[in-house]
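Visitor:
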């Protein structure tokens, strides 16, 4: 079957865009979770100063649109002599923003672990690090995983904003071709399906991890 | 009651939260096989006293002796050692929610006592058997009834081979019909000669098990003596008044 | 590398006028979303199977597509394809409304399923029709319960509205970009835009939290506000 020139051009460039999108998502998701764990732990257990720094960070990045954050990084920083490549600006923006949301889930999970769990461990002679490692982390992971997974799904969709700072990923590649051929409905429908496929993959994987870790009494809400 | 035989002795323990003093210098000594029952109105400091004994609540003043050796409360290592030798049963069980019944027992054996997986499992099964729960080994806390949770908690504490067991109102978070199964496990422990300090409102435990009763009020031990002394009908004591009021609530327990 | 803060001060009124457009987009989108969400949730929970399935695929579609792609798809594609001549502002409002509608449908559906069955049964036992039971007994409880999740949705839609500039709707971001491209004061201007959004986000969230406390029924506190 012979594809029309339009599709012959569209599909390879979308596939190229898909690879770029994945190259954006993976480091951003990992970095976001890492920052989320650090900030969430500081917000839950830190002293007054680290707690307010963590809270301020989360409120700032959760209270402003991701586009604005990307614009500040990519168009704004050159004003003070800092030049970031489009890719770096996008990844840093995604990590900082996603980390703020992740910290919310981590903090919630840590705070929901009842005081009795610490007491129970101490009463058996667990040291501080043994308590953290064997009792707190296994419980916190299970409580946070559903929210953190959802956040990664959001990240996949919002990776399309990288196009605005000129990274040629899925949306950017598609937009170019759509403008060239003036076939917007088809192109954006297909791009959407690409994202839908990415999201469905992520949902599937996250669901498997959740099921694998499932323990009675640690249900995920919703 | 010579001091030479005492396995645990505390002297002048004090604890306060902010300006509120919860414990005004408690002193007591416990010898092998003895069972002390703490009673008194809630908020009287029973829980705090028990938690100060194994330093879950760090006392501000006072000393703790295990076999006449003073425990250095500043040393994390000595504290963990003290806590291994002094087991604790909580009012609300505090089972680890992410571990099965049997793993609740093995986790401390393996991580704290560094036992091998096989030995720990073997020990845990034996302890579960003792409390009649060998068939519930692979269930998670969320799948157990309150009474079963408390029995697992007792098995978990016993697996550490404690020399003393602290029980903080072990039956008061339970539905009435589940109290019996926990009481019978505690009585079985007493029969095996376990040394215990127990805060409780259960008259059946107070009257049948106590070697000594301590009545606590406003953070101080205000009366102590044997049940015969404190509960005899020709005696006017706070303890007796308190127990009579408990009896009015649940007379069938006597 | 020089800062000209006077640009920020001079352009502030112009930028703030953009927040009027942003406010219109967000309010209309949330209202559209509320209607879509409630109707769809009722349909998904109480409707016949084919209806429920159809509605679920709507939700699946709007939740799987990035907002940016939806904006392009509808504004350049579908609306033109359907012969609708809509302004950028209307297009953004409709797209965000449909998107949040899908999310709100899920919020209300979750709340409905978490309601004890007894409420519905008791209403029917008193002789109410199905519609009466849903609108007089179930919905008032659902809506109260959903305010925290709804406030979260508000903050998402507000932030998504900043994407409207890509199709040229004259809201905060578009105006900021316009000033920035002429003055080259990108950093201070985008930070200012960020601050405006920051205030709008948290003011809205605090307002909804107040509302939540006000309409809360004593002894009836489901999941409350996060912080």
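Chains as they are written, first to last, in this note's numbering: chain A, 3 to 224; chain B, 4 to 257; chain C, 179 to 405. Each residue gets a CB set at the ideal place from its N, CA and C atoms; glycine is no exception.
1) In chain C, which residues lie with their C-beta within 7 Å of the C-beta of residue 168 of chain A?
2) Check the Cβ of residue 199 of chain C against every Cβ in chain A and list those closer than 8 Å, keeping chain order.
3) Report all residues from its chain with a CB closer than 6 Å to the CB of residue 364 of chain C; omit the five preceding and five following residues, and keep chain order.
4) Around the C-beta of residue 36 of chain A, are 16 or more other C-beta atoms found within 10 angstroms, so that it is buried, or is it exposed?
5) Closest Cβ-Cβ distance between residue 52 of chain A and chain C: below 7 Å?
6) From this set, B:33, B:187, B:224, which residue's C-alpha is nearest residue 168 of chain B's C-alpha?
7) Using Cβ-Cβ distances below 7 Å, what residues of the segment 105-125 of chain B are close to chain A?
8) Classify residue 114 of chain B as buried or exposed, calling it buried when 16 or more other Cβ atoms lie within 10 Å of its own Cβ.
9) Going along the chain, which residues of its own chain have a beta-carbon closer than 7 Å to the beta-carbon of residue 188 of chain B, five neighbours each way excluded?
10) Please check the pair residue 29 of chain B and residue 224 of chain B, which I expect to be a contact at CB under 8 Å, by giving their CB distance rounded to whole angstroms.
11) What three-state label does DSSP hand residue 30 of chain B in the structure shown?
12) Taking the C-alpha atoms as reference points, what is the distance between residue 256 of chain B and residue 51 of chain B?
13) Residues in its own chain within less than 7 Å of residue 179 of chain C by CB, not counting five upstream and five downstream?
14) So, does the CB of residue 94 of chain B fall closer than 7 Å to a CB anywhere in chain A?
15) Just list the residues that DSSP pairs residue 9 of chain B with in beta bridges.
16) Going along the segment 193-211 of chain A in order, which residues come within less than 8 Å of chain C, judged by CB to CB distance?
17) Which same chain residues end up closer than 7 Å to residue 393 of chain C when comparing Cβ atoms and leaving out the 5 residues on each side of it in sequence?
18) Does chain A have any CB closer than 7 Å to the CB of residue 145 of chain B?
19) Are residue 154 of chain A and residue 31 of chain A closer than 7 Å when you measure CB to CB?
20) At 9 Å on the CB atoms, spell out the chain A contacts of residue 192 of chain B, in chain order.
21) Buried or exposed for residue 28 of chain A, please, with buried defined as at least 16 other CB atoms from any protein chain shown within 10 angstroms of its CB.
22) Would you mind giving the Cβ-Cβ distance between residue 108 of chain B and residue 127 of chain B, rounded to the nearest angstrom? I have them listed as a contact below 8 Å.
23) Please confirm whether residue 67 of chain A has its beta-carbon closer than 7 Å to some beta-carbon of chain B.
24) What residues are listed by DSSP as bridge partners for residue 271 of chain C?
25) Name the residue from B:208, B:38, B:18, B:8 whose alpha carbon lies nearest to the alpha carbon of residue 48 of chain B.
26) Does residue 360 of chain C pass the burial test, meaning 16 or more other C-beta atoms within 10 Å, or should it be called exposed?
27) Taking CB distances under 7 Å as the criterion, tell me whether residue 346 of chain C reaches chain A.
28) Would you list, in chain order, the members of the segment 138-172 of chain A that have their beta-carbon closer than 8 Å to a beta-carbon of chain B?
29) Evaluate the contact criterion for the segment 188-201 of chain A versus the segment 12-27 of chain A: three or more CB pairs, one atom per stretch, below 8 Å.
30) Taking the alpha carbon of residue 331 of chain C as the point to measure from, which residue in C:209, C:294, C:293 has its own alpha carbon closest?
31) Hey, would you say residue 371 of chain C sits closer than 7 Å to residue 345 of chain C, going by beta carbons?
32) Using a C-beta cutoff of 7 Å, does residue 126 of chain A count as contacting chain B?
33) Of the residues A:116, A:114, A:102, A:123, which one's Cα is nearest the Cα of residue 111 of chain B?
34) Tell me whether residue 267 of chain C, by its Cβ, gets closer than 6 Å to a heavy atom of the ligand NAD.
35) Using a cut-off of 9 Å between C-beta atoms, extract the partners of residue 87 of chain B located in chain A.
36) With 16 as the cutoff for other CB atoms within 10 Å, does residue 97 of chain B come out buried or exposed?
Guide: Taking the coordinates as given:
1) Here the premise fails: no neighbours, minimum Cβ distance about 13 Å.
2) Those within 8 Å of residue 199 of chain C in chain A number zero; the least Cβ separation is about 15 Å.
3) 358
4) exposed
5) no
6) B:33
7) 110, 111, 114, 115
8) buried
9) 134, 154, 157
10) 6 Å
11) strand
12) Low confidence applies here, because residue 256 of chain B scores a pLDDT of 45, under 50, leaving its location unreliable; read the following figure in that light. Going by the C-alpha atoms only, they are around 26 Å apart.
13) Per-residue confidence for residue 179 of chain C stands at a pLDDT of 49, beneath the threshold of 50, marking its modelled position as unreliable; the derived number appears in the next sentence. Nothing meets the Cβ criterion.
14) no
15) B:34
16) 193, 194, 197, 198, 201, 202
17) 322
18) yes
19) yes
20) Those within 9 Å of residue 192 of chain B in chain A number zero; the least Cβ separation is about 17 Å.
21) exposed
22) 4 Å
23) no
24) Residue 271 of chain C pairs with nothing; no bridge assigned.
25) B:18
26) exposed
27) no
28) 140, 141, 144
29) yes
30) C:209
31) no
32) yes
33) A:123
34) For the structure depicted, the ligand NAD is absent and the ligand set is empty, with no information on it obtainable.
35) 126, 127
36) buried
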